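One structure is given here, and the rest of the page talks about it.
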Ligand SMILES: Cc1cc2nc3c(=O)[nH]c(=O)nc-3n(C[C@H](O)[C@H](O)[C@H](O)COP(=O)(O)O)c2cc1C
């Protein structure tokens, strides 16, 4: 599949939420993302995702720098987004709870799902922690309010080369 033919569909799916899936060993986990960028970087097709340091997904990505982006192409059970966007994989098996059916990947180690068939297989080629000095003051305070200890939960930006793209057939 040529990912550019589905770029609009992938971007539109971000608003209600799409799935970013990671895996380390036997631990498979999906979280909902609402931010993402698709395009070309360093001459390669890339999907760029923004993951807060507090997420279990962050931990898994740092251990195994591969991920799938899983986009619905039709109706799906709303509990999938509810569970994957509010619970942490640290505390539960979200794949099982959400009723997701993993489908073997073709190129990387992380599967996609039958229920969210449009799949991008991505390998991280660059990642960068956000630099607080780069923000305008309003965005910094609005998006990253400091907790009592002065800690801000910044995002890490992961650039995933899209090494395979396809729609899982039933
Ligand atoms: C609509 C929606 C969009 C979200 N987008 C992001 C995002 O782009 N980046 C992020 O770090 N968290 C985002 N989240 C929050 C995570 O999905 C949520 O914290 C999740 O429970 C993290 O799971 P984990 O700890 O298993 O990684 C979003 C949540 C929702 C409901």
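Numbering (our numbering), first residue to last: 12 to 181.
All C-beta atoms, glycine included, are put in the ideal place defined by N, C-alpha and C.
What you are looking at is a predicted structure, and each value in this text was computed from that prediction instead of being measured.
Asked: Is the Cβ of residue 19 closer than 7 Å to any Cβ of chain D?; Found: As a matter of chain content, chain D is missing from the structure shown, which is built from one protein chain.
Asked: Any heavy atom of ligand 1 closer than 6 Å to the beta-carbon of residue 75?; Found: no
Asked: In this structure, how does DSSP classify residue 176 when only helix, strand and coil are distinguished?; Found: strand
Asked: Hey, would you say the C-beta of residue 69 is under 6 Å away from at least one heavy atom of ligand 2?; Found: As far as ligands go, the structure on display features ligand 1 and does not contain ligand 2.
Asked: Using alpha carbons as the reference points, say which of 51, 154 and 137 lies closest to residue 170.; Found: 137
Asked: Determine the DSSP secondary structure at residue 132, reduced to helix, strand or coil.; Found: strand
Asked: Comparing C-alpha positions only, which one of 36, 125 and 42 sits nearest to residue 28?; Found: 42
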